[in-house]
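If you count the sequence shown from 1, you need to add 15 to reach our numbering. C-beta atoms are modelled at their ideal positions from N, C-alpha and C, and glycine is treated no differently. Here the structure comes first, spelled out in structure tokens, and everything after it is commentary.
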Amino acid sequence: MYDFVVVGAGPAGSRFARRAADAGRDVLVLERGEVGTPLACSGHVSTDIWEFIPDGARDHLLQNEIYGARFHVGGPRSSEHPFYKDEVISNVIDRVGLDRVLARAARDAGADVREEHSVTDVAEHGNFVDVTANTPDGTETFRGKMVVGCDGPVSRVRRELGLPEPAEKLQGVLGFAPKAHGGNFVDVHLTAPKFFAWRIPRGDAGVEYGLAAPPGRSARALFDEFTADYDVETNEFCAGMIPIGPPASVTAHRGFLIGDAAAQTKPFTGGGILYGMTSADHAVRTIDPDDPGTLADYERAWRKELKNEIRLGHWVRRAYSLPKPIQTVGLRTMSGEIGVHMDRPTSLFSTEHLRTLLRRT
């Protein structure tokens, strides 16, 4: 019997598996396909990412360094409102490579990582859980003391455990233009309903174009309009759901959720890599697979760290739906040098940001 059966080898699942294996736990990871595919997430991350990555991986994962963002109320030819620092704010990385590096680190720590294992059933019992999967060798059932759902926004584990859904799911789409782009500013367009579209320079890897929209609107049609405005054709098109708003509970009797499955994401960008890996670390520190009572400790720990960031992130997102004249005035007034951290909206009230604003006056 494994201590933990982890479903999903994305950043949250592999981070948990690595840290749990380092702590002496017996860990099995089941990934439904090949690690890193299909791609359904942007590679734009804060510089904090390197705290979670094995030494030496930065050299081949890093694609570009970003110093700021240009906000637009309209399309590519509309006025731009820059927000920036005089140092690197964020990085663009090889997103597929990230998943593979993290999964390799989990294996190196002793976790049993298996690809092409698609989970079909999860059954909780008094002292264990059975996880059934379709594998290259047929249907197999694996037994663990606990199951860990790290299987994304449309989580099979969440459904099998009867846990509540995220408050909202957006449709996200991505495409890539292969021509190299050496710029170091992201473009953000407040043109998608209730969210935004983006353009991210990836250095020699080209340019990423993306967009997210609520259900009921064709995200693909909006994306096609967006890229047509830029007069570009994209390849490697991919799509996925973006969960917004964690449910009231992400724990069951012998199972729990981490990452996108738990909607541990930023409401104002949809990004969840750092929030998911941070929550994975909390899970390793707080959960004893022999004691289901410790699942409550995990709930308290991750919510304590991320609650205010997620709550303020919802308020930031509301600005995306303000009338365009108000958006324009607000962006024009606030644009310039900032002292804000892209993963922490609470940094809007930080000493660093206040000092930066005072220097601008």
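Residue 46 is classed as buried because its beta carbon has at least 16 other beta carbons within 10 Å across all chains shown. For the stretch 338-363, the full-length alpha helix (DSSP H) segments reaching 4 residues or more read 339-349 along the chain. In the three-state reduction of the DSSP assignment, residue 254 falls in the strand class. The residues 161, 271, 309, 310, 312 and 313, in chain order, have a CB closer than 8 Å to that of residue 302 in the same chain once the five nearest residues on each side in sequence are set aside.
For residue 118, same chain residues with a beta-carbon under 6 Å away, outside a window of 5 residues either side, are 24, 29, 50 and 128 in chain order.
If you keep only unbroken alpha helix (DSSP H) runs of at least 4 residues inside the stretch 106-180, you get 110-124 and 171-176. The three-state reading of DSSP puts residue 238 in helix, counting H, G and I together. Distance between residue 48 and residue 68, taken at the CA atoms: about 22 Å. Taken in chain order, the whole beta strand (DSSP E) runs of length 3 or more contained in the stretch 49-91 are 59-61, 77-81 and 83-87.
A direct Cα-to-Cα measurement between residue 229 and residue 205 gives close to 14 Å. Remark: C-beta atoms of residue 179 and residue 199 do not approach each other more closely than 8 Å.
In this structure, residue 273 lies away from residue 181, with their beta-carbon atoms at least 8 Å apart.
The beta carbon of residue 289 lies closer than 8 Å to those of 60, 61, 63, 64, 67 and 358 in the same chain, with the five residues before and after it left out.
In the assembly as shown, residue 292 is a buried residue. Its beta-carbon has 16 or more other beta-carbons within 10 Å. In this structure, the alpha-carbon of residue 77 lies about 11 Å from that of residue 105. In the three-state reduction of the DSSP assignment, residue 329 falls in the helix class. In the same chain as residue 177, and ignoring 5 residues on each side of it, the C-beta atoms closer than 8 Å to its own belong to 267, in chain order.
The beta carbon of residue 251 lies closer than 6 Å to those of 191 in the same chain, with the five residues before and after it left out. Contact between the stretch 344-359 and the stretch 95-109 is established, with three or more Cβ pairs separated by less than 8 Å. About 4 Å separates the beta carbons of residue 21 and residue 163, which is inside the 8 Å limit, making them a contact pair. The C-beta of residue 58 has 16 or more other C-beta atoms within 10 Å across all chains shown, which makes the residue buried. In the three-state DSSP reduction, residue 30 falls in the helix class (H, G or I). Going by beta carbons, residue 43 and residue 82 fall outside the 8 Å limit. In the three-state DSSP reduction, residue 368 falls in the helix class (H, G or I). In chain order, 354, 355, 356 and 368 place their CB closer than 8 Å to the CB of residue 362, counting only its own chain and leaving out the 5 sequence neighbours on each side. For residue 282, the CB contacts under 8 Å within the same chain, skipping 5 residues up- and downstream, are 259, 260, 325, 328, 329, 331 and 332 in chain order. Excluding its 5 nearest sequence neighbours in each direction, residue 169 has C-beta neighbours in its own chain below 7 Å: 256, listed in chain order.
Between residue 107 and the set 159, 219 and 167, the nearest pair of CA atoms involves 219. The alpha-carbon separation between residue 88 and residue 306 amounts to approximately 51 Å. For residue 155, the closest C-alpha among the options 26, 131, 241 and 142 is that of 131. The residue among 136, 138, 151 and 185 with its C-alpha nearest the C-alpha of residue 254 is 185. Taking the C-beta atoms as reference points, residue 207 is found no nearer than 8 Å to residue 189. In this chain, residue 334 is not harboured by any beta strand (DSSP E), its DSSP state being neither H nor E. A Cβ-Cβ separation of about 5 Å places residue 346 in contact with residue 86 under the 8 Å criterion.
With respect to the 8 Å criterion, residue 279 and residue 285 are not classified as neighbours on the basis of their beta carbons.
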